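Numbering of the sequence shown is given in the numbering used here, commencing with residue 4 and proceeding in unit increments.
Note that CB positions come from ideal geometry on N, CA and C, so glycine has one too.
All values reported here derive from a predicted model rather than from experimental measurement.
Step one of this worksheet: look at the structure below.
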Amino acid sequence: MGELEWIVVGGVAMTGIALIGSVTLVFEPRTLERMLLPLVGLAAGSLLGGAMFHMLPEALERTSDPLRTHLWVVLGFTAFYGLEQILQRHHRHRAAAAGREPVTYLILIADGLHNLLGGLAVASAFITDIQLGVTTWLVAAAHEVPQELGDFGVLVHGGWSRKRALLANLASGATFLIGGIVAYAASRSVDVDFLLPFAAGNFLYIAASDLVPETNRPHGLVQASAVTMGTFLAGLALLYALAGAMHG
């Protein structure tokens, strides 16, 4: 398959991950809560490992100006920091979403924007190298799974029907494919190499600002903390091993 085919397949598959939220209806709330924290730890380790072991080294190999590459990493980090500041009401009221349906729309808007940028990032990796694109997609998917699980539960508890919540999640997930196609179209006429370090900055921000703090919230279970630390390290180790296999 060519770059565009990989981007389209990856975009459709990422959109389909939105359906994973429906499994929240199968588990008891306490069971789901025990599952989510280790998944968040895995996502954090995968994002950090993807940025540091794959995306940034590849970006540095393709440039004659390392300082400029690191500037794009910082800009990517800062862009997501600014986006989260703009959408801070979404984060502040998320726990109170039940019974406040307008807040659920803020969640969907935030997810749609995030997926759009994610599509740009993954497409830029596919354009750079197919193997790197596949790895970047897997890293992004590892982050999407716990996020979609949480978001679907919030929508349902916020007054949405199960069918409506699934359709809404699918719609917000579809922006990933839109972002990928935009990146591919842009690459035909302009140099999009900057998107790779920019995306690495995005991944670093999500891992450091959203996911790691979530795993550090007090929950009183030493065993759960150990498991979450283990999944975090597993995510890092997996991405390091993949990097070694790809360049070995």
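Could you give the distance in angstroms between the alpha-carbon of H96 and the alpha-carbon of H146?
The predicted position of H96 is uncertain, since its pLDDT is 49 and thus under 50; no value can be drawn from it.
When you compare the stretch 121-140 with the stretch 7-27, are there three or more beta-carbon pairs, one atom per stretch, that lie closer than 8 angstroms?
yes
Using beta-carbon positions only, say whether G79 and N205 come within less than 7 angstroms of one another.
yes
Cβ-based neighbour list, Y208, same chain, cut-off 7 angstroms, excluding 5 preceding and 5 following
F80, F83, Y84
Nearest-angstrom Cα distance between H73 and T139?
19 angstroms
Do you know how far the Cα of A188 is from the Cα of R33?
45 angstroms
At a cut of 8 angstroms, does the stretch 158-178 reach the stretch 42-62 through at least three beta carbon pairs?
no
Report the rounded CA-to-CA distance for F155 versus D68, giving the unit in angstroms.
43 angstroms
Three-state class that DSSP yields for R262 in the structure shown
With the chain covering 4 to 251 only, the question about residue 262 has no answer from this structure.
Nearest to G19 by alpha carbon, out of F197, M38, L245, A144?
A144
So, are the CB atoms of T231 and G44 less than 7 angstroms apart?
yes
Which same chain residues, not among the five before or five after E6, have their C-beta less than 6 angstroms away from its C-beta?
F129, I130
For G142, the three-state DSSP class (helix, strand or coil)
Looking at the sequence provided, one finds Val at residue 142 rather than Gly. Correct three-state label for V142: helix.
Pull up the distance between the alpha-carbon of R191 and that of M55, whole angstroms please.
27 angstroms
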